Every structure is written in C-alpha cells, then in structure tokens.
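These notes are about the structure you will find just below.
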Amino acid sequence: MKILVIEDELQLQNSITESLEKENFLIETAADYHTAMEKVFVYDYDCILLDIMLPNGSGLDILKELKKEGKNGNVIIISAKDSLDDKLEGLELGADDYLTKPFHLAELNARVKAILRRKNLNGKNTIEFANTVLDLNERQFYVDGKGVPLNRKEFDILNYFLFNKNRLVTKTAMAEHVWGDNTDQADNLDFMYSQIKNLRKKLQRSQADIEIVSVYGVGYKLVEK
Numbered sequence: 001m002k003i004l005v006i007e008d009e010l011q012l013q014n015s016i017t018e019s020l021e022k023e024n025f026l027i028e029t030a031a032d033y034h035t036a037m038e039k040v041f042v043y044d045y046d047c048i049l050l051d052i053m054l055p056n057g058s059g060l061d062i063l064k065e066l067k068k069e070g071k072n073g074n075v076i077i078i079s080a081k082d083s084l085d086d087k088l089e090g091l092e093l094g095a096d097d098y099l100t101k102p103f104h105l106a107e108l109n110a111r112v113k114a115i116l117r118r119k120n121l122n123g124k125n126t127i128e129f130a131n132t133v134l135d136l137n138e139r140q141f142y143v144d145g146k147g148v149p150l151n152r153k154e155f156d157i158l159n160y161f162l163f164n165k166n167r168l169v170t171k172t173a174m175a176e177h178v179w180g181d182n183t184d185q186a187d188n189l190d191f192m193y194s195q196i197k198n199l200r201k202k203l204q205r206s207q208a209d210i211e212i213v214s215v216y217g218v219g220y221k222l223v224e225k
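Going by the UniProt record's numbering, the sequence shown opens with residue 1, and the numbers climb by one from there.
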C-alpha cells in the first residue's frame with residue numbers, strides 16, 4: 001500500500017512516515033503545494049494524508065483539482081485548523097476523514113487502515129482469490145489454509161496483484177507502487193523481475209490456483225488457473 005504524506009512541518013512529516021512505515025506501508029512525501037500537485041497527478045496512491053496550510057497554496061485547492069479529475073478518494077485531511085467550515089468544505093470536496101492536530105499517531109494509523117478496509121475490502125482484513133487468502137493485518141499468505149512464507153516485497157507485489165486481479169498491471173505501475181515513485185529514474189527494472197520470478201515459484205510449489213501471466217512488452221496479470 002502506497003501513501004502520500006503532504007505535510008510541511010518536517011518533524012511531523014518524519015514522525016508520520018516512521019509510524020506508517022512500521023505498519024509496512026510505502027510512504028512518499030511532499031512539503032509544499034507545487035510538489036504535492038505534481039505527485040498526485042503523476043502517481044497513484046492508496047491513501048493521501050493532506051495538510052490544508054501549505055507553502056505556496058492550500059490543501060483544499062489540491063482537493064478541488066483531485067475532485068475534477070475523479071481522483072479524490074482515500075484522502076484524510078490533517079490540519080491545525082479546527083473550524084467547522086474547514087472540515088465541512090474538505091469533506092464536501094471528497095475527503096474521507098478529518099484529523100485535527102495534535103493527534104496520536106496510533107489514531108492516524110487506525111484511520112488509515114479503516115479507510116483502506118472500507119474502500120478496498122468492504123471492511124475486511126483479507127483478500128480471497130481461488131484457494132488463496134492474503135491477510136493484510138498479519139501479513140500472511142495462505143494456500144488451502146496452509147501458510148506460505150513471503151518476504152516483504154513478495155507480499156507487497158502479491159497484495160498489489162490481488163487488488164488488481166484479472167487486470168493488466170504495467171511494469172512501471174508495479175515498480176512505482178511497491179518500490180516508490182523514484183523508480184522512474186532507474187535504468188532498468190531488474191530488481192522487480194527477480195522478486196516476481198521467486199513469487200511465481202512459490203505459487204507453483206504451494207499449488208495455488210492462481211498464476212502471474214506475462215503480457216508481452218507491457219506487464220502482468222494475476223488470474224485464476
């Protein structure tokens with residue numbers, strides 16, 4: 001799961017980043033309006049944490065632009081502004097939640113997880129496909145009820161595939177989602193291919209009824225056998 005933290009207070013930004021990384025989220029950051037605008041329209045995120053008061057602009061203006069583009073889902077506003085008007089405007093513009101500073105990081109983590117469950121999993125903590133189950137809370141993978149050990153990147157790759165099962169996943173989208181936005185500067189994607197190769201072997205050995213098929217020159221699909 002990839003989260004964008006848009007926050008100009010660097011100490012708070014770092015604290016949020018460290019807290020969410022402990023929950024195995026992939027975190028990208030932006031500290032001003034222009035950087036945030038560039039990132040939200042170039043990359044895709046599972047959740048955006050958005051401060052209203054930013055250098056060079058307002059977080060509410062970012063929400064307005066996201067709403068225009070139909071990309072305003074999974075946004076939590078984090079702001080020191082506690083007026084009812086700001087909260088209502090943010091929610092009307094498409095934000096899913098509003099958290100007033102100062103807040104406990106544990107509460108922020110819980111709200112992020114709740115939004116992701118509600119939006120992506122209909123409130124559940126597991127993804128089921130054929131004879132497999134991925135437990136997001138425990139970060140465990142099961143085939144016919146038996147645990148199959150995965151390393152962190154293998155788990156994140158499978159998680160992304162399962163959220164997009166039966167859909168074409170481009171190589172670039174996979175790399176950005178699992179390794180971060182800076183992968184567009186990499187010379188090649190060899191670091192990704194080896195992880196997918198190992199994941200395929202584990203799916204075969206465990207007799208999973210799902211497989212990762214290659215779409216030549218474009219990417220992959222996770223399908224039922």
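Ideal placement from N, C-alpha and C gives every residue a C-beta, glycine not left out. This one's a predicted model, so the numbers in the text were calculated from it and none came from an experiment.
Quiz item: Among V215, Y216, G217, I210, which one has its Cα closest to the Cα of E224?
Solution: Of the candidates V215, Y216, G217, I210, the one whose C-alpha sits nearest the C-alpha of E224 is I210.
Quiz prompt | Sufficient close CB pairs (3 or more, under 8 Å) joining the region 215-223 to the region 154-171 | solution = With the cut-off at 8 Å, the region 215-223 and the region 154-171 touch.
Quiz item: So Q204 is in the alpha helix (DSSP H); what residue range does that whole segment cover?
Solution: Where Q204 is concerned, the enclosing alpha helix (DSSP H) stretches over 190-205.
Exercise. Evaluate L88 with the Cβ neighbour count: other Cβ atoms within 10 Å of its Cβ, from every protein chain shown; 16 or more gives buried, anything less gives exposed.
Key: Under this definition L88 is an exposed residue.
Exercise. Using beta-carbon positions only, say whether I77 and G90 come within less than 8 Å of one another.
Key: Cβ atoms of I77 and G90: closer than 8 Å.
Quiz item: Thinking C-beta only, is I127 closer than 8 Å to I157?
Solution: Not closer than 8 Å, so no.
Practice problem: Identify, in the order they occur along the chain, each residue of the same chain with its Cβ nearer than 7 Å to the Cβ of Q207, setting aside the five sequence neighbours on each side. | Solution: Closer than 7 Å at Cβ, skipping near neighbours: V143.
Self-check item: Reference G57; option with closest CA among E65, F41, K64, H34
Solution: Nearest C-alpha to G57: H34.
Quiz item: Taking the Cβ atom as the reference point for each residue, do L50 and G94 lie within a distance shorter than 8 Å?
Solution: 8 Å or more divides the Cβ of L50 from the Cβ of G94.
Quiz item: Quick one: what does DSSP say D209 is sitting in, helix, strand or coil?
Solution: Note: D209 maps to coil in three-state DSSP.
Exercise. Determine the burial state of D85: buried for a count of at least 16 other Cβ atoms within 10 Å of its Cβ, exposed for fewer.
Key: In the assembly as shown, D85 is an exposed residue. Its beta-carbon has fewer than 16 other beta-carbons within 10 Å.
Self-check item: 7 Å Cβ shell around T170 - same chain, five flanking residues per side excluded
Solution: Spatial neighbours of T170 in its own chain (CB-CB distance under 7 Å, excluding positions within 5 residues in sequence) are listed in chain order as V218, G219.
Quiz item: Run through DSSP, which three-state label would residue 271 get?
Solution: Outside the displayed span of the chain (1 to 225) sits residue 271, for which this structure offers no information.
Practice problem: My understanding is that E28 touches G180, with C-beta atoms under 8 Å, so please give their C-beta distance in whole angstroms. | Solution: Yes, E28 and G180 are in contact; Cβ-Cβ is about 6 Å, under 8 Å.
Quiz prompt | Alpha-carbon to alpha-carbon, R167 and K71 | solution = Cα to Cα, K71 sits roughly 19 Å from R167.
Quiz item: Who pairs with T132 in a beta bridge, going by DSSP?
Solution: T132 is bridged by DSSP to F129, V143.
Exercise. Check whether the Cβ atoms of residue 228 and A31 sit closer than 8 Å, and answer yes or no.
Key: In the structure displayed, the chain extends from 1 to 225; residue 228 sits before or after that span and is not available.
Quiz item: Applying the criterion that 16 or more other CB atoms from any shown protein chain within 10 Å of the CB defines a buried residue, is K101 buried or exposed?
Solution: Exposed, by the Cβ-count rule.
Quiz item: Using DSSP with H/G/I as helix, E/B as strand and the rest coil, what is G217?
Solution: G217 falls in the coil class under three-state DSSP.
Practice problem: Report the three-state DSSP secondary structure of S15 (helix, strand or coil). | Solution: In this structure, DSSP gives S15 a helical state, which the three-state scheme calls helix.
Quiz item: Just reading off the alpha helix (DSSP H) that K64 is part of, what are its end residues?
Solution: Segment 59-69, the alpha helix (DSSP H) holding K64.
Exercise. Report, in whole angstroms, the separation of the C-beta atoms of I48 and L4, which I expect to be a contact under 8 Å.
Key: The beta carbons of I48 and L4 sit about 5 Å from each other, so the pair counts as a contact at 8 Å.
Self-check item: For Y160, the three-state DSSP class (helix, strand or coil)
Solution: Of the three classes helix, strand and coil, the one that applies to Y160 here is helix, per DSSP.
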